[in-house]
């Protein structure tokens, strides 16, 4: 799905489709409609598919990540299978270091409260999700959980994700996600455990004890989170009308192919 892309995505996909034995269909919008609208379009197009794997455009599954996720659906109780996000960036870069810390906290919380992020495999029993949501993966989880299914988190299935390399992009990404969860709570009554202060403190203790945390990184992450939450609440109370369309974070747009050599 190409949402009014101007970076050559359409041409790359069209060329790839000519050389692969895998069926490829490019759906291109002339105007941006947002990721949730794209998800709904894909659900309609894949009506005869049992399991859908939704992958963010700038991430890269490692090894057998996808097959591990799909395998979980042999259990009829599973509605969503989630992978662990592995951040990729520049060691010592402040935005990378706090992003890496946040993903470590997310991992600890997701073990207790399974949740998907950059890659979401789901049972294709969803008619549609709210086209204005910023948190499409959470919307899919909620829909399937209300149908009686569970979400399962697989730490061994990993997906590489390019982190922001500047604090401005970090704040932009985190604030939009936080705003999305605030909207979801108001509309659906669903609060995400990854947004819980209690769960985050517990996760910090676990990460501190098992991996160690550099105090300056922790303090910077806390300061950034205060800014993120303040911005998100202001937008939420002001009735932000940006219907599901994310702003572009330039510092996350880079190739990950070289990682495959590791």
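In this note's numbering, the protein residues as written are 2 to 263.
Backbone N, C-alpha and C fix where the C-beta goes; we use that ideal spot for every residue, glycine too.
Would you mind giving the Cβ-Cβ distance between residue 37 and residue 130, rounded to the nearest angstrom? I have them listed as a contact below 8 Å.
Reading the chain shown from its first residue, position 36 is the one you call residue 37. Reading the chain shown from its first residue, position 129 is the one you call residue 130. Sure, about 6 Å apart at Cβ, within 8 Å.
For residue 164, which residues in the same chain have their Cβ closer than 6 Å to its Cβ, ignoring the five residues on either side in sequence?
Within the chain shown, the letter at position 163 stands for residue 164. Taken in chain order, the residues that qualify are 88, 90, 97, 100.
In chain order, which continuous runs of the alpha helix (DSSP H) of length 4 or greater are located wholly inside the stretch 44-119?
66-72, 95-113
Going by beta-carbon coordinates alone, are residue 172 and residue 228 separated by less than 7 Å?
The residue given as residue 172 occupies position 171 in the chain shown. The residue given as residue 228 occupies position 227 in the chain shown. Result yes, Cβ atoms of residue 172 and residue 228 sit closer than 7 Å.
Give the single residue among 59, 32, 81 whose Cα lies nearest to the Cα of residue 52.
Along the chain shown, one-based indexing puts residue 52 at 51. Checking every option, the nearest Cα to that of residue 52 belongs to 81.
Indicate the three-state DSSP secondary structure (helix, strand or coil) for residue 135 in the structure shown.
Here residue 135 refers to the residue found at position 134 of the chain shown. Three-state DSSP puts residue 135 in coil, outside helix and strand.
Quick check on residue 166: does DSSP put it in helix, strand or coil?
The sequence position of residue 166 within the chain shown is 165, counting from 1. In the structure shown, residue 166 sits in coil (DSSP, three-state: anything other than H, G, I, E or B).
Quick check on DSSP: helix, strand or coil for residue 156?
On the chain shown, position 155 is the one that residue 156 refers to. If DSSP states are grouped into helix, strand and coil, residue 156 belongs with the strands.
Quick one: what does DSSP say residue 126 is sitting in, helix, strand or coil?
The sequence position of residue 126 within the chain shown is 125, counting from 1. The answer is coil: DSSP assigns residue 126 none of H, G, I, E or B.
Anyone know if the C-beta pair for residue 115 and residue 152 falls short of 7 Å?
Your numbering for residue 115 matches position 114 in the chain shown. Your numbering for residue 152 matches position 151 in the chain shown. Judged by their CB atoms, residue 115 and residue 152 are nearer to each other than the 7 Å cut-off.
What is the residue span of the alpha helix (DSSP H) that residue 231 lies within?
If you number the chain shown from 1, residue 231 lands on position 230. 216-238 is the span of the alpha helix (DSSP H), which, as asked, contains residue 231.
Quick check: what's the CA-CA separation for residue 109 versus residue 213?
Indexing the chain shown from 1 puts residue 109 at position 108. Indexing the chain shown from 1 puts residue 213 at position 212. Those two C-alpha atoms are separated by around 14 Å.
Out of 60, 128, 18, 58, which has the shortest C-alpha to C-alpha gap to residue 50?
Here residue 50 refers to the residue found at position 49 of the chain shown. Answer by Cα proximity: 128.
Does DSSP put residue 121 in a helix, a strand or coil?
Counting from one through the chain shown, the residue named residue 121 turns up at place 120. Three-state DSSP puts residue 121 in a strand.
May I ask you to verify whether the stretch 144-160 touches the stretch 40-47, counting CB pairs closer than 8 Å and requiring at least 3?
no
Hey, could you find the ends of the alpha helix (DSSP H) residue 28 is sitting in?
Translated into positions along the chain shown, residue 28 becomes position 27. Segment: none, residue 28 is in no alpha helix (DSSP H) and carries neither H nor E.
I'd like the list of long-range same chain contacts for residue 258, defined as Cβ closer than 8 Å, with 5 residues on each side in sequence excluded.
Mapped onto the chain shown, residue 258 falls at position 257. Note on residue 258: pLDDT 49, under 50, position unreliable in the model; no value is reported.
Exposed or buried, which one is residue 119 when buried takes at least 16 other CB atoms within 10 Å?
Against the chain shown, residue 119 aligns to sequence position 118. By the 10 Å Cβ count, residue 119 comes out buried.
Give the straight-line distance between the Cα atoms of residue 15 and residue 55, rounded to the nearest whole angstrom.
As a working note, residue 15 is residue 14 in the chain shown. As a working note, residue 55 is residue 54 in the chain shown. Answer to the nearest angstrom: the Cα atoms are 20 Å apart.
For the candidate residues 232, 217, 7, 160, whose alpha-carbon lies nearest to that of residue 66?
Counted from its first residue, the chain shown places residue 66 at position 65. Minimum Cα distance to residue 66 is reached at 160.
What does a CB cutoff of less than 6 Å around residue 260 pick up in its chain, not counting 5 residues either side in sequence?
Within the chain shown, residue 260 is the residue found at index 259, counting from 1. Here residue 260 scores only 42 on pLDDT, less than 50, and its place in the model should not be relied on; the value that follows carries that caveat. So the qualifying residues of the chain are 161.
Looking at the structure shown, is residue 177 part of a helix, part of a strand, or coil, going by DSSP?
Here the question's residue 177 lines up with position 176 in the chain shown. It is helical.
Could you compute how far the alpha carbon of residue 78 sits from the alpha carbon of residue 13?
Locating residue 78 in the chain shown gives position 77, where the first residue counts as 1. Locating residue 13 in the chain shown gives position 12, where the first residue counts as 1. Distance between the alpha carbons of residue 78 and residue 13 is about 38 Å.
Just to confirm my understanding: we take residue 142, look at its own chain, exclude 5 residues before and 5 after, and list those with CB closer than 6 Å. What are they?
As a working note, residue 142 is residue 141 in the chain shown. Closer than 6 Å at Cβ, skipping near neighbours: 81, 152.
Counting along the chain, where does the alpha helix (DSSP H) carrying residue 17 start and finish?
Counting from one through the chain shown, the residue named residue 17 turns up at place 16. Run containing residue 17: 10-20, per the alpha helix (DSSP H) assignment.
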